[in-house]
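So the protein lines, in turn, are chains A and B. Taking full-length UniProt numbering, the leading residue of the first sequence gets 1, the next gets one more, and so forth. Taking full-length UniProt numbering, the leading residue of the second sequence gets 1, the next gets one more, and so forth. Structure first, commentary second.
There are 2 protein chains.
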Amino acid sequence: MTTTQTSGTEAVQRYRRACDYAAAAMIYLRDNTLLREPLRREHLKPRLLGHWGTCPGITFLHAGLNGLVRRTGQRTLLVTGPGHGAPAVHANLWLEGTHAELDPALSRDGAGLAELVRRFSWPGGFPSHLSPEVPGVIHEGGELGYALATAFGAAMDKPDLLVACLVGDGEAETGPTAGSWHASKYLSPRTDGVVLPVLHANGYKISSPTVYGCMDDEELTAYFSGAGWSPRVVDVTRADDPDALMAEALDRAHAEIAELRERWRPGERAVRPMLVLRSPKGWGVPERDAGGDPLEGTFRAHQVPLGAVHEDDDELALLERWLRSYRPEELFDADGRPHEDLLAQLPPEHLRLGRVPEANGGRLRRDLPLPDVADFAARVPAPGTGSTSPTEVAGRWLAELVRATEDRRDFRVLCPDELESNKLGALLEATDRGFTWPLPDTAEHVAPGGRVLEVLSEHLCQGWAQGYLLTGRHALFPCYEAFASIVDSMVDQHAKFLKISGEVPWREPVASLNYLLTSEGWRQEHNGYSHQGPGFLNNLLTKKAATARVYLPPDANTLLVTLRDCLASTGRINLVVAGKNAGAQWLDLEAAERHCAAGAGVWDWACHGDGDPDVVLACAGGVPTVEALAAAAILRERAPEVTVRVVNVVDLLALAPADRHPHGLPDDVFAACFPQDVPVVFAFHGYPSAVREAVHGRPGADRFHVHGYLEEGTTTTPYDLLVANRMSRHDLAADALRRAGRGVDRDTDLAERLLAERDDLVAAAHRDGVDPEEIAEWRWGA
Amino acid sequence: MTTTQTSGTEAVQRYRRACDYAAAAMIYLRDNTLLREPLRREHLKPRLLGHWGTCPGITFLHAGLNGLVRRTGQRTLLVTGPGHGAPAVHANLWLEGTHAELDPALSRDGAGLAELVRRFSWPGGFPSHLSPEVPGVIHEGGELGYALATAFGAAMDKPDLLVACLVGDGEAETGPTAGSWHASKYLSPRTDGVVLPVLHANGYKISSPTVYGCMDDEELTAYFSGAGWSPRVVDVTRADDPDALMAEALDRAHAEIAELRERWRPGERAVRPMLVLRSPKGWGVPERDAGGDPLEGTFRAHQVPLGAVHEDDDELALLERWLRSYRPEELFDADGRPHEDLLAQLPPEHLRLGRVPEANGGRLRRDLPLPDVADFAARVPAPGTGSTSPTEVAGRWLAELVRATEDRRDFRVLCPDELESNKLGALLEATDRGFTWPLPDTAEHVAPGGRVLEVLSEHLCQGWAQGYLLTGRHALFPCYEAFASIVDSMVDQHAKFLKISGEVPWREPVASLNYLLTSEGWRQEHNGYSHQGPGFLNNLLTKKAATARVYLPPDANTLLVTLRDCLASTGRINLVVAGKNAGAQWLDLEAAERHCAAGAGVWDWACHGDGDPDVVLACAGGVPTVEALAAAAILRERAPEVTVRVVNVVDLLALAPADRHPHGLPDDVFAACFPQDVPVVFAFHGYPSAVREAVHGRPGADRFHVHGYLEEGTTTTPYDLLVANRMSRHDLAADALRRAGRGVDRDTDLAERLLAERDDLVAAAHRDGVDPEEIAEWRWGA
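Quick look at the structure:
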């Protein structure tokens, strides 16, 4: 099995020549694709948009993997970090016939190649980077940094899958990639697949040398060995037969992986192979451009070398000479079909890199066996009773889901700041934290193969989640609210991937990406200012309406219902914000189901007065709901003549006009909650701007007076934190009195009195170090 | 000089006992601070908020550094990654007298200690984490991951400064930290200071073991050697005299650094020392809690061990025994003053860790010698002339600034995606890219000591910038617009640091953090969807009005003026969005100065008709300005009876009401731009929600109809990208006709015709691969 295929590499070289040729053609040509006639300017694309530098390396790896798969039958998925090398991937997909399978216009002949070449970087065609439109792709690779983490996510719970991951040396400089090298410590040699990273030391980024390209073999070997790998350098610049060298390296890696799986025992290090590929940037491009500047092996090969072809005859001649150096006439027959010896380099059809089913994960996705929430619901005999932690209740339900998927192994919980801290510890009764390296004696609930993963890296959790979901599985990502913003840009990119995927006919929808933001800012009064930040929500609101959902369940049962619905959904990014602190409950399960289905609604039991109210007290989020209810109670007692309606919003986008968001309440339902011209004092969990953006386009949107987080905070008491942001019950009640607009002195006086009482309460909290009992122990109806 | 101080470590141990005692007291006590009487429950804080686990390790390092500084006179700044270990830092600052210097209430006696202990984690007191309120601190350490990058920024251009950086093993798991280990390759042994990282292998995070804690010495040594360090393990669990071991390690590191500075020649590796500190988590806490669970060396020591002291007599007794184990009566005299032998452990006053001037960088900051923009301004004889790249012009001015600061060395440009690519290449004529490792032969403009830094890591650039600014220098961070969101959360934290700094009387304002977002989404039609994302701007709008500024200069001269003003400012986060593509210019320098000073204004030359207009065409950002002007031209020609006012907004927050933002236009000036009740069609560079948020609170805010980025995009032509987002001139003109509300059939017909023409133009772009000449070559007035 470890026998190396050193013969026959001439055909591999021919295969690579064909791919390199096709890739270069994609960047430059719109016509005369196979150079059957002399190259003339009208054969060139008017705009040359693409990146050559990384392409030959990608094809070199592709060709090597083809050989490995052919020899071993190993199911292999390739995650390509340098997504700007899309032409190389297209060339390989065309040659292996995957393009033709999904789109007959891209047939494996001259017509198909011409079409592919024309479509690349052309309006309405293929983008210049990888994208969901490209078969075999689960990673776009435009925003660099996440290929490796994504690869690990794809490999989890797929013991028969090899995930090769090409990491550019530019991308390697990113923090998220640097942190990802340790991720193999989380994968079990028994129950997970294996990631085979290939660091492509290509030497240059856009114009700077790369950090990893400047490290010598000894440094690279030490670095990766220390990170837990068995690295091997494949240096094509020092090889007589680069393809033989690569074949040998891949075969040996494959054998080492198999051996590890046999040999490894829990408690041991699971050291796995990885490759460092050294090849000249732009490998194969002319040595110099028409001006005499060096090209091959330099930064000038990064994007479009010979960029002056449109104006400079010498460059055009150089381009023709370069393209002809691949001798396309030796590679393609009269009809433009690749010669048989090239096709003989391919693995069997079902194992070709573009066709591995995991790359279209929606096809593999199965609905989760979601436990009945009724078995886990909090008992709520009346609003305001009980003392329950919403996430604790959710944790028990999630633990049952982990048990129910024990055999299927297609649900994971990925958590940067630890389940215990988010009160999801019940999960650890159902499974362990997965970790494969040797452990200290005092570690608890940690073992290889555990189904929950904890790592102090939001980037890793996000990359893992993306890889896991896009290969057909399900995941939950609980996170401290303030630190979810660490992955803002990764969410942006995932939202883009989902949006385009939805436009690709052959892509099936994958499971939604579900965030559970807890350890919310309002209860981070102990950790202080850095832990108070609800901005992740705002970022999600900039995404397409088809993708983004924001839920703020105010208690345990609404959280259960919301999580159940999110985990059953596909194609979305669901943001669920929920508290972990024990508190009173508002809705029994039946009411929670109704409320969540509606998205928002009047809480009759908390309203006061008949008919259209003087003011609506609206709320969204656990803590704001308590404050709004307390404000309603204050008003009922101390200003009984003011009529107040209380509306709770669990689905933030229910506030949006129905023509702007699919969850938007119909106009009449909205008006039933917020009667026209009645002022709304809104207690909101996050930045006020989020509610303002949600209600934009509703009639009289400016009557929504939103209280929320104003970037005021420190280590203090919960009530003091609310007051600092003008979100306390006293602030809400005073504002409601003002907005009710009755113009009565009594209201004005009471509002002033409330604010003075508020200040007294704050003074007491500062004196005693705790909130006064009347605040800390306040209960609805008490 | 390399002689190790192995005697006298008993006094060091006593020093540490005093600090450990004080730190523990801060977490638990509100009274009876020195345990002069038996510990009773009323001496306890009602809420126990703090983190013990990391504290003893922080003090161990502090004590070691004190010794090093005492012995060598080395100016040393400490960056503490685990900011939750604030009690240890406070204890050391109190003991070294820095607290007393800045606040007499924190005197170095029993009264001062009692005050410090009471203030910690108390409303109105010190927060539970490090913060700007703490002397010597330039890094808050709440959101983990950035200590190391910040330390490197602080060390740059400070050849006499040693920046010790404690990195927790939790923090080490983050991507940004993992990527930061390579940063020393960017520092010159000649012209920069040195970072001495200390990886604290403490074993556990909140409840999980850490990745680095699970690596053995061999792995850690290989890993850090590979990354370019000379690592040394300081394992207190295997040392008879931990302080002697640490002293020796620090002395040796210091000697190695001095030797490297002597020996090193350009082109050589600059391998520097670092330490791995292994110590038990919570070192010194009782072995087990009252329930028998292990504490010392386990995750249970992370936060508040013996958390049940309020309810459980055994835990209370254990706490007392633990606190008394430090024998405070041996460390403090009758007045609570630390004994002389403890004070003898401190460095000379001016070298104490809390007093290094760099930690209050505003005091060191000098105004930049900003070159006169007049010497660099683009010639603009009339609006719509020339063909200039705004960033190219800015690059020449910035190059001059680099020259002007050559000797001062207090201005740097930090760039993740390369200056050349952002058309700031002129900088490379004034200086090199700083890089110290061996280089490939073909590298250009790269050398140790170069003043611009390029690394494919937004996290590193941001951390560097923070460290550089907070120690009194100046920086510019140019970035691809879409990838600035990678540092959303870091900006959040920096904004918080600035806000609190502004409230600390002894902190002087530091230079603003200046972003130049270029390679803007509208001209990323070639790189495609992943490169199109203006969300960084939205995030900044959630920050305090005193901190956040957003500028969208539409051409070269407005960019020059904006950059000059930003680089002269302090205490802010300035976001400047500007194009790099060559295009027509609108304002000569004089007009640009006026326009930028106003923030927004009517462009008379582009208006059409007298008196109040039928519609205002507003614009912000380079590309939207072109489209709005083109729309105005279309309307002038084809609907001359519609009166149109054109308003350009260069300072986005000029739109905000003056009582909400200091840059908000006065009401009358705002009304002069946007007359009451006149509809506004707004062509905006980013997400429409940003403008809606900015104008919130202005009269009739809902008459602002904002066109902007709608998350539609791919690789295509610039015009097609605009149309996909309904931001083309045709969309704007048609919308303006509709909104003008004249109810004339002619307007409706023309609007429809315009959209049909738009669709024809898109079809032509799809056919030809380029935008039709009338779009691509459009010029104002032509």
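Don't be surprised by glycine CBs; every beta carbon is placed ideally from N, CA and C.
Who are the Cβ neighbours of residue i in its own chain at under 8 Å, not counting the five residues just before and after it?
| i | result |
| --- | --- |
| W229 of chain A | W181, S184, P197, V271, R272, P273 and M274 |
| A18 of chain B | A91, L95, Y326, P328, L331, F332, P338 and L342 |
| T59 of chain B | R16, C19, D20, A23, A88, A91 and N92 |
| D293 of chain A | R300 |
| R409 of chain A | D157, T191 and R451 |
| P640 of chain A | H608 |
Give me, in chain order, the residues of the same chain whose beta-carbon lies closer than 6 Å to that of residue i; leave out the 5 immediate sequence neighbours on both sides.
| i | result |
| --- | --- |
| P46 of chain B | none |
| H766 of chain A | none |
| L351 of chain A | V69 |
| C461 of chain A | L414, P416 and F477 |
| S279 of chain B | G57 and V236 |
| A111 of chain A | none |
| W322 of chain B | P286 |
| G8 of chain A | none |
Excluding the five sequence neighbours on either side, which residues of its own chain have a C-beta within less than 7 Å of the C-beta of residue i, listed in chain order?
| i | result |
| --- | --- |
| P657 of chain B | G664, G697 and R698 |
| A734 of chain B | A751, L754 and L755 |
| E774 of chain B | none |
| D612 of chain B | P675 and V678 |
| T558 of chain B | L587, A592, H595, C596 and V650 |
Should residue i and residue j be called a contact, given that it needs their Cβ atoms to be closer than 9 Å?
| i | j | result |
| --- | --- | --- |
| A606 of chain B | L629 of chain B | yes |
| G354 of chain B | E508 of chain B | no |
| G175 of chain B | N202 of chain B | no |
| L161 of chain B | V194 of chain B | yes |
| S128 of chain A | E140 of chain A | no |
| C214 of chain A | L439 of chain B | yes |
| S485 of chain A | G533 of chain A | yes |
| V380 of chain A | D555 of chain A | yes |
| G425 of chain A | A247 of chain A | no |
| V616 of chain B | R645 of chain B | yes |
| Q493 of chain A | G153 of chain A | no |
| G521 of chain A | D243 of chain A | no |
| G579 of chain B | T518 of chain B | yes |
| Y529 of chain A | I500 of chain B | yes |
Since residue i and residue j are thought to touch, with beta carbons under 8 Å apart, how far apart are those beta carbons, to the nearest angstrom?
| i | j | result |
| --- | --- | --- |
| T385 of chain A | Q585 of chain A | 6 Å |
| L166 of chain A | G81 of chain A | 5 Å |
Quick one: does the C-beta of residue i sit closer than 8 Å to a heavy atom of the ligand ZN?
| i | result |
| --- | --- |
| V233 of chain B | Although the ligand ZN was asked about, the structure shown includes no ligands whatsoever. |
Looking at C-beta atoms only, is the number of pairs between the segment 640 to 657 of chain A and the segment 538 to 553 of chain A that lie closer than 8 Å three or more? yes
Mind the definition here: the segment 610 to 623 of chain B touches the segment 666 to 685 of chain B only if three or more C-beta pairs lie below 8 Å; say whether that holds. yes
Any chance the segment 431 to 438 of chain A sits against the segment 139 to 157 of chain B, with 3 or more Cβ pairs inside 8 Å? no
Could you give the uninterrupted runs of the beta strand (DSSP E) lying entirely in the segment 154 to 217 of chain A, keeping only those of 3 residues or more? 161 to 168 and 194 to 201
Which ranges would you report for the beta strand (DSSP E) in the segment 44 to 105 of chain A if only whole runs of at least 3 residues count? 75 to 80
Contact between the segment 512 to 526 of chain A and the segment 716 to 724 of chain A: three or more CB pairs below 8 Å? yes
Runs of beta strand (DSSP E) lying entirely within the segment 372 to 453 of chain A, each at least 3 residues, in chain order: 385 to 388 and 411 to 415
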